[in-house]
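Each residue of the sequence shown is one higher than the last, beginning at -17 in this note's numbering.
C-beta: ideal position from N, C-alpha, C; glycine also.
Structure first, then comments.
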Amino acid sequence: QVNMAPALPRLLFCHGLESGPQGFKVRTLLAQGHEGVAPAMHMSLCDIRERNSLLRSLLSTSALFGRWPSDWLAGAMDDSFAACASILRASVLNSSPSCDVLVGSSWGGAVAALIIAEGTWTGPAILLCPPLSLKERWTGALDPALSADTITAALAALPPKQKARLLLVHGTADATVPIEDSQALSAATGIALECIDCGSHGLGAIVRDGRMGQFLQRVTSDDEMRR
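In structure tokens, the structure reads:
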């Protein structure tokens, strides 16, 4: 009799604001044996070459001439956020074979939270330091459907069994997104929060040392893997 090791979960990885499909976390997880999909969000704050960047959204004709000047920044953020969500949504619907776990890192965590809240993704997910509230502190929000309050309320209303397969992870030394944001999100939704002592915003250490693998096992432990 040969005891086969369980297959590692297939990942759908949504990268951070200034990262991409070849970022450190994706490369390390692939090197550790994971398979999966990491769509390019084409996102940045100021790199106008990225089609969904905040600056490019801000300078678009629809943003400048279709809104009051007081709404330009919030509207541009909504446009970038919605465009990234469309990319991730398409990956959920079109990936073959389908993915087992959604992982969202920073900006990607906020995008992942949106598609979980709207019901596009219903499986296990890990959200790494998602800046849901921070993005609104930066710019405000224009579209109520994309607001942190709306997303938080929808996450709070998820069935308990689904929420049990979701996990927030945040470093206590995060200098970009305050850990208090994830603490508040956890308290409001009932989604478990794992605090990483001395963890920075990048959270690269948890990928290198295997803790990320443990978190993936935790959110999929009651799932029958589809492969």
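Identify every residue that forms a DSSP beta bridge with C177. H152
Taking only the alpha-carbon atoms, compute the straight-line gap between S52 and L96 and give it to the nearest angstrom. 25 Å
On a CA-only basis, which of L84, A13 and L(-1) is nearest M59? Give me that one, please. L(-1)
Evaluate E32 with the Cβ neighbour count: other Cβ atoms within 10 Å of its Cβ, from every protein chain shown; 16 or more gives buried, anything less gives exposed. buried
Using DSSP with H/G/I as helix, E/B as strand and the rest coil, what is C(-4)? strand
Can you tell me where the alpha helix (DSSP H) holding G195 begins and where it ends? R193 to T202
Over the uninterrupted beta strand (DSSP E) stretch that includes S68, give me the two end residues. Careful: S68 lies outside any beta strand (DSSP E), inside the alpha helix (DSSP H) at W54 to N76.
Going along the chain, which residues of its own chain have a beta-carbon closer than 6 Å to the beta-carbon of C(-4), five neighbours each way excluded? L70, G86, G90, V93 and A94
Report the residue ranges of all beta strand (DSSP E) runs contained in full by the region 94 to 159; include only those spanning at least 3 residues, in chain order. 107 to 110 and 148 to 153
S35 - DSSP class collapsed to helix/strand/coil: coil
Span of the beta strand (DSSP E) holding L84? V83 to S87
Would the beta-carbon of T104 fall within 8 Å of that of Q144? yes
With a threshold of 16 other CB atoms inside 10 Å of the CB of G172, please say whether the residue is buried or exposed. exposed
For A20, collect the residues of the same chain with a Cβ closer than 7 Å to its Cβ; drop the 5 residues on either side in sequence, then sort them by chain order. F(-5), H(-3), P3 and V8
Less than 8 Å separating the beta-carbons of F197 and L128? no
G18, DSSP secondary structure in three states: strand
DSSP-derived helix/strand/coil call for D247: An answer regarding residue 247 cannot be provided, because it is not within the stretch -17 to 209 covered by the chain.
Which two residues bound the contiguous alpha helix (DSSP H) that contains I30? No alpha helix (DSSP H) holds I30; DSSP gives it neither H nor E.
Spatial neighbours of L124 within its chain, please: C-beta separation below 7 Å, excluding the five flanking residues on both sides. D53, A56, G57 and D60
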